[in-house]
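Numbering (full-length UniProt numbering), first residue to last: 1 to 61. Cβ atoms here follow ideal geometry from the backbone N, Cα and C, with glycine treated the same way. The structure presented is a predicted model; accordingly, all values stated were derived computationally and were not measured. The next block holds one structure in the form of structure tokens; read it before the comments.
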């Protein structure tokens, strides 16, 4: 499940603000994405993160 994947900043050198779902805190959080290579737990907005992973937050998983 994508919401359980770890944060993946990627191997490049950019600095782009993105969102990921932290299953340990049950919150969508920002991180600095490097611009290439990421897993599925990667969102361009908090709204998109909550749409995809909000059910985890509500269930406390």
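Neighbour-count burial assignment, residue 61, 16 or more Cβ in a 10 Å radius: Only weak support exists for where residue 61 lies, its pLDDT of 49 falling under 50; the value from the coordinates is given anyway. Residue 61 comes out exposed.
Under the DSSP definition of a beta bridge, which residues are partnered with residue 27? 22
Within 10 Å of its beta-carbon, does residue 51 have 16 or more other beta-carbons around it, so buried, or fewer, so exposed? exposed
Around the Cβ of residue 41, are there at least 16 other Cβ atoms within 10 angstroms (buried) or fewer (exposed)? buried
Measuring straight from C-alpha to C-alpha, what distance separates residue 4 and residue 22? 7 angstroms
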